[in-house]
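Trainee: Here it is, the structure, as structure tokens.
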Amino acid sequence: MRVRFAPSPTGHLHVGNARTALFNWLLARGSGGTFILRIEDTDRERSTSASEQAILEDLEWLGLGWDEGPFRQSERLDIYRAQADRLLAEGRAYYCFCTEAQLKAEREAALAAGEAPKYSGRCRDLSRSEVAARRSRGEPAVVRFRVPEGGDVAFLDKVRGEVSFPRAAIGDFVLLRPDGNPAYNFAVVVDDALMRVTQVVRGEDHISNTPRQVLLYEALGFRPPEFAHVALVLGPDHTPLSKRHGATSVAEFRARGYLPEALVNYLALIGWSPGGDQEVLPIEELARRFRLEDVGRSAGVFDEEKLAWVNRHYMRLAGAPRLAKLAAPFLRAEGMVVREPDASGWAYLEKVVGMASDSVDRLADIPRRLRFLFSYDAARALSDPEVQAVLNEDGAREVVAGLARELAASERLTSREAFRAAADRVKRETGRKAKALFHPIRVALTGEAGGPELDHAVPAIDLGAQLPAGSGLSPVVGCRERVQLFLEALDRA
Ligand code: GLU
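The sequence shown begins at 7 in the working numbering and counts up one residue at a time.
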């Protein structure tokens, strides 16, 4: 089995295309086959090398490595030329000198008459001598395919079943443009044939191109591959997923903090099911189970909530060291990480990122959960109505005062046990317990009315306060200092 992914480098990698790449990759991996990457960059105006670079990076990030390529169509122009010459010599293609203006007028006339536009065939039967003369004068010419007359062109699609098209509906189409660049349908057939592609798996938007491609296989004497056109990925309103719906590219989902394995696993589930009762499966297992026959005909809706659910699963599996590495850029963007952390900085991040990741959907949400560590601000805390509500409870201020006395005298609370012992002493001193004890402690130490469990949050604060200056992290104010700042702000308020 030889399959390929053939993106046009004219923008970011859309998640729909990423799914096409994934299906091909799964087929290749599941069968010990070959996954070929081909860059379809013959549209010189719209193709950019920045886009090509971004697509390669996105594929690598997703873990969809390729076995052959990347081949670039722009570097294969001689190959298309040679195949076009062959068709010209055999009379299966011809030079066409029609101008843009002529073609446009014909198109408009057809539309006005309520007919589907189709090339008129004006240059189909020019004499050899006329063609030679006009070419030697340098008149611009395209090479057009002579569509054989009569009958249907049919193929069996692995997803859509039997597809058939009357040849009469297909006008003679362009193979090579005057500048020598091939048209998509021609380049794709030449490449798929010469690269010995056995299965063409691509988006349904190409199904109307396939009859032309089948005709070209016949004319060139190549055996056509198997085709499978997979339904497009839709937005919630059941139109193809586009900018109007929000994020569409792999890069955007990466920036939102989804893990590559989560995006891969989720994309595989759009329009396909691995069977059994488990949907969250490693990519190797997906590859083992993937079969084109099981890909549904109907389009799948992109559901970010489900993606988030899959992502939570993979964040739990990721392990602290990897999670810290993955979260660091997001923390850096928020100023919590200021430069490449040293060993103490990484060790600390591993601890606190684990604490935050339990309750978020995406890496991008982690900084918000860790804000209490790096930006303690007592005045801001007091302006929060929820914090105010806690302080208005009976005895809350006594708890804060008791906590301040307790912490002034004790070591830093770098463990859950140390925190529990300190809280116990405040409890004995103030006679407050449960919520009446822990809510005031929380607002004074974290500056927030909610957040991670105090058993984790408090040691995280005091471990942060002990980080050396070169840790690479933004400084963390310790509990003892926090409660003093809180009392001072209360006095001022
Ligand atoms: N370059 C085409 C696209 O990006 C590839 C179509 C195909 O797979 O044949 O849509």
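Built from N, CA and C at the ideal position, the CB exists for glycine as well.
Could you tell me which uninterrupted alpha helix (DSSP H) segments, each at least 4 residues in length, are contained entirely in the stretch 388-465, listed from first to last along the chain?
Mentor: If we require 4 residues or more, the alpha helix (DSSP H) runs fully inside the stretch 388-465 come out as 391-397, 402-415, 422-436 and 441-452.
Trainee: Is it true that the CB of residue 24 sits closer than 9 Å to the CB of residue 275?
Mentor: No.
Trainee: Between the C-alpha atoms of residue 368 and residue 317, what's the straight-line distance to the nearest angstrom?
Mentor: Their backbone Cα atoms lie some 7 Å apart in a straight line.
Trainee: Within this structure, are the beta carbons of residue 347 and residue 405 separated by less than 9 Å?
Mentor: No.
Trainee: Using a Cβ-Cβ cut-off of 8 Å (strictly less than) and excluding sequence neighbours within five positions of residue 356, which residues of its own chain qualify?
Mentor: Result list for residue 356: 326, 327, 329 and 330, in chain order.
Trainee: Taking 8 Å as the cut-off, does the CB of residue 18 come closer than this to any heavy atom belonging to the ligand GLU?
Mentor: Not under cutoff, so the answer is no.
Trainee: So, at 6 Å on beta carbons, what are the nonlocal neighbours of residue 45 in its own chain, with the 5 sequence-adjacent residues on each side left out?
Mentor: The residues are 15, 58, 76 and 78.
Trainee: Do residue 54 and residue 190 have their beta-carbon atoms positioned less than 9 Å apart in this structure?
Mentor: Cβ atoms of residue 190 and residue 54: not closer than 9 Å.
Trainee: For a minimum of 4 consecutive residues, which ranges assigned as the alpha helix (DSSP H) are wholly contained in the stretch 57-117?
Mentor: Runs found: 83-95.
Trainee: Please name the residue in 219, 425, 227 and 142 whose C-alpha comes closest to that of residue 176.
Mentor: Minimum Cα distance to residue 176 is reached at 219.
Trainee: In this structure, does DSSP put residue 53 in helix, strand or coil?
Mentor: Here residue 53 sits in coil by DSSP.
Trainee: Cα separation between residue 265 and residue 182?
Mentor: Between residue 265 and residue 182, the C-alpha separation is close to 42 Å.
Trainee: Taking 9 Å as the cut-off, decide whether the C-beta atoms of residue 138 and residue 184 are in contact.
Mentor: For residue 138 and residue 184, no; Cβs fall outside 9 Å.
Trainee: With burial defined as no fewer than 16 other Cβ atoms inside 10 Å of the residue's Cβ, what is the status of residue 163: buried or exposed?
Mentor: With 16 or more Cβ atoms within 10 Å of its Cβ, residue 163 is classed as buried.
Trainee: Check whether the stretch 147-161 touches the stretch 194-202, taking contact to mean three or more Cβ pairs, one atom from each stretch, closer than 8 Å.
Mentor: As far as the Cβ criterion goes, the stretch 147-161 does not touch the stretch 194-202, which means the pair count is below three.
Trainee: What's the C-alpha gap between residue 159 and residue 210?
Mentor: The straight-line gap from Cα to Cα measures roughly 18 Å.
Trainee: Could you check whether the Cβ of residue 223 sits closer than 8 Å to any heavy atom belonging to the ligand GLU?
Mentor: Answer for residue 223: no, Cβ out of range of the ligand GLU.
Trainee: Using 9 Å as the threshold, is the C-beta distance between residue 324 and residue 363 below it?
Mentor: Yes, the Cβ-Cβ distance between residue 324 and residue 363 is below 9 Å.
Trainee: Indicate, with yes or no, if the ligand GLU has a heavy atom lying under 8 Å from the CB of residue 208.
Mentor: Residue 208: yes, Cβ under 8 Å from the ligand GLU.
Trainee: Find out if the Cβ-Cβ distance for the pair residue 479, residue 407 is shorter than 9 Å.
Mentor: No, the Cβ-Cβ distance between residue 479 and residue 407 is not below 9 Å.
Trainee: With hydrogens ignored, establish whether the beta-carbon of residue 190 is closer than 8 Å to any heavy atom of the ligand GLU.
Mentor: Yes, the beta carbon of residue 190 sits closer than 8 Å to at least one heavy atom of the ligand GLU.
Trainee: Taking the alpha-carbon positions, what's the residue 310 to residue 473 distance?
Mentor: Using only the alpha carbons, I get a separation of about 38 Å.
Trainee: How long is the line joining the alpha carbons of residue 84 and residue 195, rounded to whole angstroms?
Mentor: Roughly 15 Å separates the two Cα atoms.
Trainee: Under a Cβ-count criterion, where at least 16 other Cβ atoms within 10 Å of its own Cβ denotes burial, should residue 90 be classed as buried or exposed?
Mentor: The residue is buried, with at least 16 neighbouring Cβ atoms inside 10 Å.
Trainee: When we look at the beta-carbon of residue 398 and count the other beta-carbons within 10 Å, is it buried (16 or more) or exposed?
Mentor: Residue 398 comes out exposed.
Trainee: Would you list the one or two residues that DSSP bridges to residue 493?
Mentor: In the DSSP output, where bridge partners are listed per residue, residue 493 has none listed.
Trainee: Once DSSP output is grouped into helix, strand and coil, what is the label at residue 381?
Mentor: Looking at residue 381 - three-state DSSP - the assignment turns out to be coil, as it is neither helix nor strand.
Trainee: Go ahead and label residue 484 buried or exposed: buried means 16 or more other beta carbons lie within 10 angstroms of its beta carbon, across all protein chains shown.
Mentor: Classification for residue 484: buried.
Trainee: Do you know how far the Cα of residue 379 is from the Cα of residue 470?
Mentor: Taking the straight line joining both Cα atoms gives about 8 Å.
Trainee: Contact check, residue 165 vs residue 235 under 8 Å by CB: the rounded distance?
Mentor: Sure, about 6 Å apart at Cβ, within 8 Å.
Trainee: Does any residue of chain B have a CB that is nearer than 9 Å to the CB of residue 93?
Mentor: Of the protein chains in this structure there is only one, and it is not chain B.
Trainee: Taking only three categories from DSSP, how would you classify residue 240?
Mentor: Strand.
Trainee: Between the Cα of residue 100 and the Cα atoms of 42, 179, 169 and 174, which residue gives the shortest distance?
Mentor: Taking only the C-alpha atoms, the option nearest residue 100 is 179.
Trainee: Output needed for residue 169: all residues of its chain with C-beta closer than 6 Å, excluding positions within five of it in sequence on either side, in chain order.
Mentor: Closer than 6 Å at the Cβ level, and outside the excluded window around residue 169, lie 161 and 163.
Trainee: Taking three-plus beta-carbon pairs below 8 Å as touching, is the stretch 448-468 in contact with the stretch 373-387?
Mentor: The stretch 448-468 vs the stretch 373-387: in contact.
Trainee: Would you check if there are 3 or more beta carbon pairs closer than 8 Å linking the stretch 25-36 to the stretch 219-229?
Mentor: Touching, no.
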